[in-house]
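> Residue numbers (my numbering), protein chains in the order written: chain A, 1 to 267; chain B, 1001 to 1348.
We treat Cβ as the ideally placed atom computed from N, Cα and C, and that holds for glycine.
One structure, as structure tokens, below. Some questions next.
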Amino acid sequence: MSTNIPIIEARNVSKEFAGIAALQEVSLKVSAGEVLCLLGDNGAGKSTLIKILSGVHAPSSGEILLDGKPAAFREPRDARNAGIATVHQYGGTVPLMSISRNFFLGAEIVKGRWPLRRLDLQTMNRIALEQIQSLGVRRVTDSSRPVGTLSGGQRQALAICRATYFGARLLILDEPTSALGVREATTVLKLVAEVRSRGIGVILITHNAHHAMSIGDHFVVLGHGKVVASFSRGEKSAAEVVGLMAGGVELQALELELEQFKPKAVS
Amino acid sequence: MNSPVQSGRTDAPEARVSLRSLLVRPEFTAIAGTIAVFAFFAIFTGDAGFLSMAMTRNYLEVAATIGIIAAPITLLLVAGEFDLSVGATVAAGEIVMSYLIVYAGWPVAPAFLATVIVAIGIGALNGYLVVKTKLPSFIITLATLFIIRGAVQGILRMLNGNSVIDGVRSAAGEDPLVWLFSGMVGPFSVSLIWWIVITGLAAWVLESTVFGNRIFATGGNQAAAVRTGIQVDRLKIMLYIAVAASAVLVAAINIFTINQGNANSAVGREFEVVTAAVIGGALLTGGYGSPIGTFFGALLFGMVDQGFFFTPLPDVWFLTFLGFMLLIAVVINNYTRNAALKPRGSSQ
Ligand SMILES: Nc1ncnc2c1ncn2[C@@H]1O[C@H](COP(=O)(O)OP(=O)(O)O)[C@@H](O)[C@H]1O
Ligand SMILES: [Mg+2]
């Protein structure tokens, strides 16, 4: 019965910056074990929306519901405590620190009594490695080596793994695949699927319609701060989605314009 | 290809000891350099007296007064900040403490405590200005260097028309605490013990505690550190206070060893401590460094400083020699660090 209550829901959320509307009446919801892809061109309002969902900004109007109840996040910590984790591009890791030190940063495991209280590096190394491998990243075999030795995809994996280990119920991934090569991106998308299968909700922001189509359950396309389209898996083709993202009409106009150049280019 | 090669900062308890894992440690350059310089002076100037006990005592003393400050400076560098005001803070500590002992007639203990409180004030001010203005700490502490140095000289001029306060030892009389600063442990001065203890403490804090983990994160990626809830401003202010406190410890050692507080003391010490830390593997951009490496950086500095006296070169060439050593050290350190960070195991 309660399984259909979304983890998080935005209802008619608007946000203005100094009189300029960055978001207008945006609604969306994500349930457990669901991947929502948030699509849209640069400046469409994607980052503004996830900043509201993660407690960085307060909405100008509209409301945020957490497990069906109104929530007021005053700061990012409130959202984090509610199980909403944001993973930034490059995973927000510290390259010169070891994998396990990164994994436990801010929540270190210690042993011993106060004046001699110290990091339990052995336990930290073991847990970090177990967690990363359990998400299918088997190529990492030593969690004491610096994060700087990891690839971009592995760093994303580390950050995602860390968020789920510390109890995230909703993961917000801001353009996790945009800086990655094809194979690396595939690794991250597989990871998202694995996370979803554990019943965690995911909001995936991306520019790449194909990445979105391969993993998404629901799709919300933003354009100029408004919801341009909202649909479920299988309801639209990748080509349609690309058109929506670029603001359909403009793209058609562009195609018409390009038509005129075709004969000249051939001759 | 898929052998688990050890890299830079491995925390693995059973880290495999390979030549490579040794080479990429941040301390490597400083330790190798220390051995090389010791061998050089021992071979070429050993007969002239470099290996004598008196000489050993001398260079350890020089190294200690650098190393005591360089250890907390290393933590500050790892946190991504800089402190140019330490030399001026040593002078301030010398004048405050010798004033209280010689002119105000205070016993050593309260005089030292009062000086430490002054240091806490200086450190807190440096730290507060750096985190509030968000300006480069290089500039902020360059300003406080001038402010403190000038104030110390100016105030002392008004007080006794001079730039020194003499007779600290006789004013302290038989105070047993004098031993803590200028006593001897066997053939060596007690400053050696302070240096070793403070280095050990700094190394332990940095490598083995939660606070140390957060120092690394603050200097390595401040935005990420803030996002995980680390209070980077508070952490930096604490490190500035630790640095200033170490500077007044050196001040106390100086006034009892030299029997004088001097407003012109420790000019240029700010560069000597950073030189020791950088030779020891610390990265000026933050996120990387080793108090153990810094220890050897300071030792190297002391050996060259004193050993140079025995070479046929006039001692004005000392700085040139030091400059070349620093250059070689940073080039090697830069190379080994990049080697440590090369992606591996992810290629195929
Ligand atoms: N802090 C801010 N102050 C003023 N305007 C902002 C701010 N953040 C975003 N905007 C504006 O809001 C609009 C949406 O931006 P953003 O949410 O970053 O889009 P996206 O992430 O989809 O590229 C843009 O016009 C942007 O200039
Ligand atoms: Mg954005």
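Do the stretch 30-39 of chain A and the stretch 195-214 of chain A touch if we need at least three Cβ pairs shorter than 8 Å?
Verdict: yes, contact present.
> Taking C-alpha atoms, which residue in B/D1166, B/I1241, B/G1200 and B/L1206 lies nearest to B/E1124?
In the second sequence, residue 1124 of chain B corresponds to position 124, counting from 1. Correcting the residue identity first, residue 1124 of chain B is Ala in this sequence and not Glu. Taking only the C-alpha atoms, the option nearest B/A1124 is B/I1241.
> Tell me, please, which residues DSSP counts as bridged to A/R11.
To locate residue 11 of chain A, count along the first sequence from 1; it is residue 11. Note: A/R11 sits in a beta bridge opposite A/E63.
> Could you name the residues of the stretch 1286-1318 of chain B whose beta carbon sits closer than 8 Å to any beta carbon of chain A, in the order they occur along the chain?
Hits within the stretch, in order: G1287 and Y1288.
> Using only the alpha-carbon positions, how far apart do B/W1195 and B/R1269 sit?
As a first step, residue 1195 of chain B is located in the second sequence; it is residue number 195 there, counting from the start. As a first step, residue 1269 of chain B is located in the second sequence; it is residue number 269 there, counting from the start. Cα-Cα distance, rounded: 16 Å.
> Quick one: list the residues of chain A neighbouring B/A1217, beta-carbon separation under 9 Å, in chain order.
Residue numbering aside, residue 1217 of chain B sits at position 217 when the second sequence is read from its first letter. Going along chain A in sequence order, the residues near B/A1217 (Cβ under 9 Å) are V94, M97, R101, N102, L105 and G106.
> Between A/F261 and A/A212, what straight-line distance do the alpha-carbon atoms span, to the nearest angstrom?
Walking along the first sequence from the start, residue 261 of chain A turns up at place 261. Walking along the first sequence from the start, residue 212 of chain A turns up at place 212. Taking the straight line joining both Cα atoms gives about 32 Å.
> Using 8 Å as the cut-off, can you tell me whether the stretch 1139-1153 of chain B makes contact with the stretch 1103-1114 of chain B, which would need three or more C-beta pairs spanning the two stretches below that distance?
No: fewer than three Cβ pairs fall under 8 Å.
> Taking DSSP as the reference, what is the three-state secondary structure of B/Q1348?
Translated into the one-based positions of the second sequence, residue 1348 of chain B becomes position 348. Low confidence applies to B/Q1348: its pLDDT is 30, below 50, so where it sits in the model is not reliable, and the reading given next is rough at best. If DSSP states are grouped into helix, strand and coil, B/Q1348 belongs with coil.
> Which one or two residues does DSSP pair with A/I84 in a beta bridge?
Along the first sequence, read from residue 1 onward, the residue named residue 84 of chain A stands at position 84. Its beta-bridge partners are A/L170.
> The beta strand (DSSP E) that contains B/N1262, what's its start and end?
As a position in the second sequence, residue 1262 of chain B is number 262, starting the count at 1. Run containing B/N1262: Q1260 to N1262, per the beta strand (DSSP E) assignment.
> Going by the C-beta, is A/S54 closer than 7 Å to any heavy atom of ligand 2?
Numbered from its first residue, the first sequence carries residue 54 of chain A at position 54. No, the Cβ of A/S54 stays beyond 7 Å of every heavy atom of ligand 2.
> With a threshold of 16 other CB atoms inside 10 Å of the CB of B/Q1231, please say whether the residue is buried or exposed.
Counting from 1 along the second sequence, the entry for residue 1231 of chain B is found at position 231. That one is exposed.
> Along the chain, where does the alpha helix (DSSP H) containing A/S197 start, and where does it finish?
For the purposes of this step, residue 197 of chain A is taken as the residue at position 197 of the first sequence. Looking at the DSSP string, the run of the alpha helix (DSSP H) that includes A/S197 is V182 to S197.
> Under 7 Å from any heavy atom of ligand 3, does the C-beta of A/K46 make it?
Absent from the structure shown: ligand 3. Ligands present: ligand 1 and ligand 2.
> How would you call A/R155, buried or exposed, if buried means at least 16 neighbouring beta carbons within 10 angstroms?
Residue numbering aside, residue 155 of chain A sits at position 155 when the first sequence is read from its first letter. That one is buried.
> At a cut-off of 7 Å, is A/I132 close to ligand 1 when judged by its beta-carbon and the heavy atoms of the ligand?
Reading the first sequence from its first residue, position 132 is the one you call residue 132 of chain A. It does not: the Cβ of A/I132 is nowhere closer than 7 Å to a heavy atom of ligand 1.
> Secondary structure at A/I203, three-state DSSP: helix, strand or coil?
Here the question's residue 203 of chain A lines up with position 203 in the first sequence. Correct three-state label for A/I203: strand.
> What are the complete alpha helix (DSSP H) segments, minimum 4 residues, inside the stretch 1230-1260 of chain B?
Taking only runs of at least 4 residues, the alpha helix (DSSP H) segments lying wholly in the stretch 1230-1260 of chain B are 1232-1258.
> Using 8 Å as the threshold, is the C-beta distance between B/L1201 and B/I1215 below it?
Stepping through the second sequence from its first residue, residue 1201 of chain B is reached at position 201. Stepping through the second sequence from its first residue, residue 1215 of chain B is reached at position 215. Not closer than 8 Å, so no.
> Does A/L23 come within less than 8 Å of chain B when only Cβ atoms are used?
Here the question's residue 23 of chain A lines up with position 23 in the first sequence. So, not an interface residue.
> What in chain A is Cβ-close to B/R1227, meaning under 7 Å?
Position 227 of the second sequence, counted from the first residue, corresponds to residue 1227 of chain B. Those are G92, listed as they occur along chain A.
> Could you please give me the residues that DSSP links to A/I20 through a beta bridge?
Taking the first residue of the first sequence as 1, we reach residue 20 of chain A at position 20. In DSSP, A/I20 forms a bridge with A/F17.
> Could you tell me the distance, in whole angstroms, from the CA atom of B/G1067 to the CA atom of A/R169?
For the purposes of this step, residue 1067 of chain B is identified with residue 67 of the second sequence, where counting begins at 1. For the purposes of this step, residue 169 of chain A is identified with residue 169 of the first sequence, where counting begins at 1. In a straight line, the C-alpha of B/G1067 is about 49 Å away from that of A/R169.
> Beta carbon of A/N208: closer than 7 Å to some heavy atom of ligand 1?
Counting from one through the first sequence, the residue named residue 208 of chain A turns up at place 208. No - ligand 1 has no heavy atom lying nearer than 7 Å to the Cβ of A/N208.
> Does the beta carbon of A/P146 come closer than 8 Å to any beta carbon on chain B?
Here residue 146 of chain A is taken as the residue at index 146 of the first sequence, counted from 1. Cβ-Cβ to chain B under 8 Å: yes for A/P146.
> In the structure shown, what three-state DSSP assignment does A/L119 receive?
The sequence position of residue 119 of chain A within the first sequence is 119, counting from 1. Correct three-state label for A/L119: strand.
> Take the Cβ of A/E108 as the centre, count every other Cβ of all protein chains shown within 10 Å, and call the residue buried at 16 or more, exposed below.
In the first sequence, counting from the first residue as 1, residue 108 of chain A sits at position 108. Buried: at least 16 other Cβ atoms inside 10 Å.
> With a cut-off of 8 Å, does the C-beta of A/A212 fall near any C-beta of chain B?
On the first sequence, position 212 is the one that residue 212 of chain A refers to. No, because no Cβ of chain B sits closer than 8 Å to the Cβ of A/A212.
> Kindly indicate the opening and closing residues of the beta strand (DSSP E) around A/D41.
By 1-based counting over the first sequence, the position of residue 41 of chain A is 41. No beta strand (DSSP E) holds A/D41; DSSP gives it neither H nor E.
> Counting C-beta neighbours from all protein chains within 10 Å, is the total for B/G1008 16 or more, i.e. buried, or is it exposed?
Walking along the second sequence from the start, residue 1008 of chain B turns up at place 8. Bear in mind that a pLDDT of 44 at B/G1008, under 50, signals an unreliable position, so the number given afterwards is only what the model happens to contain. When all chains shown are included, B/G1008 counts as buried.
> Between B/Y1059, B/A1329, B/T1209 and B/V1108, which lies nearest to A/R113 when the distance is taken from Cα to Cα?
Along the first sequence, one-based indexing puts residue 113 of chain A at 113. The option with the nearest alpha carbon to A/R113 is B/T1209.
> Below 6 Å CB to CB, which residues in the same chain sit around A/L129 once its five sequence neighbours on both sides are set aside?
As a working mapping, residue 129 of chain A is identified with position 129 in the first sequence. Cβ neighbours of A/L129 beyond the five flanking positions: S143.
> Residues of chain A with CB under 7 Å from B/A1224, in chain order?
As a working mapping, residue 1224 of chain B is identified with position 224 in the second sequence. Simply G92, T93 and V94.
> Does the beta carbon of A/R155 come closer than 8 Å to any beta carbon on chain B?
What you label residue 155 of chain A is simply residue 155 of the first sequence in a count that begins at 1. Not closer than 8 Å to any Cβ of chain B, the Cβ of A/R155 fails to qualify, so no.
> Just the C-alpha distance for B/P1013 and B/V1331, rounded to the nearest angstrom, thanks.
By 1-based counting over the second sequence, the position of residue 1013 of chain B is 13. By 1-based counting over the second sequence, the position of residue 1331 of chain B is 331. Confidence at B/P1013 is low in this model, with a pLDDT of 45, below 50, so its placement is unreliable and no value can be given for it.
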